[in-house]
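Top to bottom, those sequences are chains A and B. Residues 290 to 798 (the numbering used here) are what the first sequence spells out, left to right. Residues 290 to 798 (the numbering used here) are what the second sequence spells out, left to right. A short write-up of the structure that comes next.
There are 2 protein chains.
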Amino acid sequence: MRNVIIIAAVILAVSMACDAAARGRRRFPVSPMIPADRVGDSSTPGTGNCTQLFFHQRIDHFNFEPAQQLTHYEQRYYVCRQEKWNPNQPIFFYTGNECNVDLFVNMSGLMWENAEQFGALLIFAEHRYFGKSLPFPGEDMPPVPKINFLQTDQALADYATLINWFKVTHNSTSSPVIGFGGSYGGMLCSWLRIKYPSALDGCIAGSAPIVNFEEMIPAFNFDSFAQTETLDASAAGGATDFCKANIRQAWNDMESLGQTQSGLALISEQFKLCTPVQSLDDVYNLMGYAENSFGNMAMSSYPYPSTYLLLGGKGILPAYPMRVACDFLNTNLTTPAERLAGLRQAIGVYYNNTGDVMCINITSTVNYATEVVDYLWGYLSCTTMFMPAGQNGVTDMFYNAPWNTTQQIESCNQQFPGVLTQPDWVQINYGGYGVASWGSNIVFSNGALDPWHGGGILSATAPAVETVLIPDVGHHIDLMFSNPKDTGAIRAARAIEVENIAKWIANKK
Amino acid sequence: MRNVIIIAAVILAVSMACDAAARGRRRFPVSPMIPADRVGDSSTPGTGNCTQLFFHQRIDHFNFEPAQQLTHYEQRYYVCRQEKWNPNQPIFFYTGNECNVDLFVNMSGLMWENAEQFGALLIFAEHRYFGKSLPFPGEDMPPVPKINFLQTDQALADYATLINWFKVTHNSTSSPVIGFGGSYGGMLCSWLRIKYPSALDGCIAGSAPIVNFEEMIPAFNFDSFAQTETLDASAAGGATDFCKANIRQAWNDMESLGQTQSGLALISEQFKLCTPVQSLDDVYNLMGYAENSFGNMAMSSYPYPSTYLLLGGKGILPAYPMRVACDFLNTNLTTPAERLAGLRQAIGVYYNNTGDVMCINITSTVNYATEVVDYLWGYLSCTTMFMPAGQNGVTDMFYNAPWNTTQQIESCNQQFPGVLTQPDWVQINYGGYGVASWGSNIVFSNGALDPWHGGGILSATAPAVETVLIPDVGHHIDLMFSNPKDTGAIRAARAIEVENIAKWIANKK
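See the structure below:
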């Protein structure tokens, strides 16, 4: 299937959003773009309980000769529970990821539910270039000017600067500060602890794939994401082995059928496409589109229905959506038509989560917000957040599309001319697996069904680095509000996290 | 003495060199510019035992859109003992300071003398913009182009990148790497360990004044340098209390005398000036010049004669030069003429170290090399290496010249228009005193007679951070070659350092 890589590059331009995954290209370890009218669940606290503030933040922390006097921007952050807080009491600090920070204010139940017992203030800081934290306001539409200041090093320096300033100006230089973050936010949280231990006394890093990079020592398995998706679509993951077998066969079906007119017609019919496929290239695009849904469903492996990984739709994902998807593929389907119909229904669990989608439109998930986030994440991923993702169709249920560094760098140079991709910077700068031996005061939690967990820290020898692998769940569920359907393992993970927080706070005194 | 600050700014332009100190302005925690024909003492190993190499290094580690395709420069480093080294054996790594790296190759006896027992390779890396490591070659004369890449963060990233590359390309990813550095090099070494623990498994930081900054928590005593100089010129420092009293009175004498023609004549006569002073401003310049020598003599408080802190001259400083200088001031001198004559002889221990200086020329120490280094250090000190130094004439033997942040920033803006001075960045970025509680695998050593020691880490609670205060010595003597006149305390300090190195190497396995 030699054209897949090229097709993947096409997909990159249209479907990467503030959430998930596509095969054979740089991945997006993240979170959804949920519209503002959905995030404030009235039963739990959120932005409505906080004060929105802006910090006069330096644009460039590493160069002291600003061009055109562009020295500062207004970084948004929320402060919550200030009325219940006194100087030098603890601060819980969310290291915002690549979304409007409102999402994290409204999602981070672990912070809200444990603030009171520690007398903690909550701060949620927004990542530069996202939400309302625009270094060059009014110009967030691609191409974003001065996008070269969109960097993890700059973002971390923002957080460290904000924390230092906040503590000094609130006469709270003794406050223990505990960081929280999920996904890319978890990566930032752990890196903030590594790089600025005076800013952060400890970090709860949920589903943070900090070794999902090239040049790791030892090497990272680039196909790990696809392998966990495959696990989730198998008996071991709660479905049946028919599911992954049917999915794997379906790609072969589609490639074969895509080479004849009657085959193309069958594909269009079985997938209920709004616009029929006209060529093999169209089929490859459809395959990428179909595959993308599995990443999101796998991440959303929660024991209750969720909206977290949805792309701003009005619907909801069922509990364990991959298992629900597999319900359409759990028998020995013997014909291409059966498999394609099953696959269509399976991906419909994700794409037709509202139940009102009458036909499949493979560009339908794109909207303005996700386009901007795609662009911004694209820039990050083309510089240092260059996160490999491959698949081989043998150890996973997909098709052969190995990670190709050269191809990806070329693609980056097309999108961002002159940009220097740095595949080794995360190893050099953040130390890769090293944190497991020399780090301190970090809990790395992962869900065993989360396809990102293979890029996380799963064991550690350093006494003050704890790892928690939560069986039977997806992406950083432990950071969310507690739910009656939480498993014992989820509750146990949160207990370990709270225990560590208590210890870090006590040791600070 | 209200004009002193203005005068200090004048002095800045002419006398700051690759070494020491002047009152009431940003200080220079460093090392000498010894010409190449002096550094290779034939009795000890040095550059002649090493291979000089260049690494294709990134110019900007924090911005991935290079202007004009200026992406890399050639960073010099020396490799020594390679023929005695096998992959994955230890590496001793010197984090070069603001000088030609040859100096450190030839000075760092602690590395040379302990390499064999650990089977260690030696690497001495040169700091960007110094020596032969010029990002913009052939243009090292001020104004240096693109000087905005002269940054501690960039320098640290250089070292981390070089270490990672060296280990990977030499199949030595398991090699323990132990850092060494003195003065600014010691600051860099400790910061490299803090920021890049995967690059550096431990650090011997000699005389590293990492808290000699504004915005420290708790605050740093800006007058600490002057106070230790005063200690060195007193009975407690090995001289007599007459010495500091005469010196303190001499400044008053000079200011009074400087207001009359007969007084100016007396000053010129007693100081044997090449060019007579004509005004009070000339006298203030002379005072700054005289005062500068005390910083260098205090740092050079070694039990044997030394050349380390000399400015490239042909002479030599005696053992404990401050005590020798005080020999001219150790009685109760009752007239201004006596005190000025004594002061002239005292500073002559430093300025007339060759014994052939017939008259004092207060611009005589400037040469091309020191002018370049002055300029480069000036840039560092005007951005983040903004190191406060004041004096009050009460708790020290000088005159009232408190540290004045606003004045210093104005002076920086005159020299480097548009530069943004960041007095708080060292606290935010490197954590200030915090390393004493959360750091690991660092030995901070200081000499109790070294005026920089007050800006160092002198005690620690973190179990893997060790502090050593060596009585009766000056600036990072423990890093130098052993000498028959070394005191027991010097030998004990080195033993502690070697013990820690052994532990760090053992723990890596």
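C-beta atoms are modelled at their ideal positions from N, C-alpha and C, and glycine is treated no differently. Note that the structure is a prediction, hence the values are computed from the model and not measured.
7 angstroms Cβ cutoff met for residue i and residue j
i              : j              : result
residue 386(B) : residue 416(B) : yes
residue 418(A) : residue 665(A) : yes
residue 344(A) : residue 383(A) : no
residue 590(A) : residue 763(A) : yes
residue 822(B) : residue 524(B) : Beyond the ends of chain B as shown, which are 290 and 798, falls residue 822(B); an answer cannot be given.
residue 730(B) : residue 745(B) : no
residue 708(B) : residue 786(B) : no
residue 584(A) : residue 760(A) : no
residue 629(B) : residue 711(B) : no
residue 335(A) : residue 395(A) : yes
residue 688(B) : residue 793(B) : no
residue 467(B) : residue 491(B) : yes
residue 636(B) : residue 579(B) : yes
residue 667(B) : residue 643(B) : no
residue 562(B) : residue 547(B) : no
residue 586(B) : residue 608(B) : no
residue 501(A) : residue 618(A) : no
residue 717(A) : residue 449(B) : yes
residue 497(A) : residue 475(A) : yes
residue 495(A) : residue 768(A) : yes
residue 572(B) : residue 543(B) : yes
DSSP beta-bridge partners of residue i
i              : result
residue 363(B) : 345(B)
residue 595(B) : 606(B)
residue 805(A) : Outside the shown range of chain A, which is 290 to 798, sits residue 805(A), and nothing can be said about it.
residue 680(A) : 690(A)
residue 340(A) : 368(A)
residue 562(B) : 649(B)
CA-to-CA distance, residue j to residue i, given in whole angstroms
i              : j              : result
residue 483(B) : residue 727(B) : 9 angstroms
residue 340(B) : residue 723(A) : 30 angstroms
residue 598(A) : residue 398(A) : 16 angstroms
residue 681(B) : residue 675(B) : 20 angstroms
residue 310(A) : residue 576(A) : Residue placement at residue 310(A) is flagged as unreliable, the pLDDT there being 31, under the threshold of 50; the coordinate-derived value follows with that caveat. Straight-line Cα distance between these residues: approximately 13 angstroms.
residue 765(B) : residue 472(B) : 7 angstroms
residue 453(A) : residue 754(B) : 23 angstroms
residue 720(B) : residue 748(B) : 15 angstroms
residue 408(B) : residue 463(B) : 14 angstroms
residue 743(B) : residue 512(B) : 9 angstroms
residue 461(A) : residue 455(A) : 8 angstroms
residue 489(A) : residue 683(A) : 43 angstroms
residue 342(A) : residue 363(A) : 9 angstroms
residue 770(A) : residue 421(A) : 25 angstroms
residue 781(A) : residue 574(A) : 42 angstroms
Handout entry: Ranges of the beta strand (DSSP E) found wholly within the stretch 731-774 of chain B, counting only runs of at least 3
Key = 731-736, 754-759
Problem - Interfacial residues, the stretch 686-709 of chain B to chain A, with Cβ spacing under 7 angstroms - result: Residues 707, 708, 709.
Exercise for the section: Write down every uninterrupted run of the beta strand (DSSP E) in the stretch 430-514 of chain A whose length is 3 residues or greater and which is fully enclosed by it, in chain order. Expected result: 466-471, 491-495
Practice task
Output, in sequence order along the chain, the residues in the stretch 527-558 of chain B whose CB is closer than 7 angstroms to any CB in chain A.
Solution key: none
Exercise for the section: With 7 angstroms as the C-beta to C-beta threshold (strictly closer), list the residues of the stretch 344-364 of chain B near chain A in chain order. Expected result: 351, 352, 353, 354, 355, 360
Exercise for the section: Could you list the residues in the stretch 490-523 of chain A with a C-beta less than 7 angstroms from some C-beta on chain B, going in chain order? Expected result: Of all residues in the stretch 490-523 of chain A, 506 have a Cβ within less than 7 angstroms of some Cβ in chain B.
Handout entry: the stretch 431-454 of chain B: positions lying closer than 9 angstroms to chain A by Cβ
Key = 436, 437, 438, 440, 442, 443, 446, 449, 450, 452, 453, 454
Handout entry: Cβ-based contacts, 7 angstroms cut-off: residues of the stretch 652-683 of chain B near chain A
Key = 672
Handout entry: Residues within the stretch 468-487 of chain A neighbouring chain B, beta-carbon criterion of under 9 angstroms
Key = 483, 484, 485, 486, 487
Exercise for the section: Output, in sequence order along the chain, the residues in the stretch 759-783 of chain B whose CB is closer than 9 angstroms to any CB in chain A. Expected result: So the list is empty, because no residue satisfies the distance condition.
Problem - Residues in the stretch 727-758 of chain B having any Cβ partner in chain A nearer than 9 angstroms - result: 727, 728, 729, 730
Problem - Where the stretch 709-721 of chain A meets chain B: residues whose CB sits under 9 angstroms from a CB there - result: Those residues of the stretch 709-721 of chain A that come within reach of chain B (Cβ to Cβ, closer than 9 angstroms) are 709, 710, 711, 713, 714, 716, 717, 718, 719, 720, 721.
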